[in-house]
Amino acid sequence: MAPGLTAPAVRSPGSLEYLLLGDLLEVLEEVPSIPTSRWLLAILDRLLALLLAAGPISGEETEPRADWEPDPELFEKLQRLRDRVALRAPYQLLANEVRCELRRRLSWHPGS
């Protein structure tokens, strides 16, 4: 992660950030292609912008966080995935890691 950046919290299961995480998971389930890469880039750009605007995650939180909220490690993976997709670099291994993490984190939510 870039110096000075901290991973922010996703606010609630109904938030746009949460919906974008679900969309990201859906696109990561698709067969890689040029259109899929374009969708990945669009979703990741919007998701990362929203997460950064939400503010940093404090290392000493007073309120419990839901299991589906991205931690700093997941946030960094999302940034790296976005960069690889944008540069048209191989991203399938990282995409698989992110997909598995999102499946685990979002699986508790009804309708997923």
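So the sequence shown is numbered by numbering that gives the first Met the number 0: it starts at 0 and just counts up by one. Built from N, CA and C at the ideal position, the CB exists for glycine as well.
Cα-Cα separation between residue i and residue j, rounded to whole angstroms
i: TYR90; j: GLU75; result: 14 Å
i: GLU25; j: ARG87; result: 20 Å
i: LEU27; j: LEU49; result: 19 Å
i: LEU47; j: ARG83; result: 14 Å
i: ILE33; j: GLU16; result: 24 Å
i: ALA65; j: SER106; result: Annotation note: pLDDT 46 at ALA65 (below 50); position unreliable, no value reported.
i: LEU19; j: PRO31; result: 19 Å
i: GLU60; j: SER36; result: Summary for GLU60: the model assigns pLDDT 44, below 50, so the residue's position carries little reliability, and this model does not support an answer.
i: LEU40; j: ASN95; result: 16 Å
i: TRP38; j: ALA53; result: 22 Å
i: LEU101; j: GLY21; result: 8 Å
i: ARG45; j: VAL97; result: 17 Å
i: LEU77; j: LEU43; result: 7 Å
Reference residue i; option with closest CA among the options
i: PRO71; options: LEU51, VAL84, ARG83, ARG87; result: LEU51
i: CYS99; options: LEU73, ARG79, ASP44, ILE42; result: LEU73
i: LEU92; options: GLU29, ARG103, LEU80; result: LEU80
As assigned by DSSP and simplified to three states, the class of residue i
i: LEU143; result: Look at the range of the chain in this structure, 0 to 111, and you will see that residue 143 is not part of it.
i: ARG87; result: coil
i: ASP44; result: helix
i: TYR17; result: helix
i: SER36; result: helix
i: ASP82; result: helix
i: ASP70; result: coil
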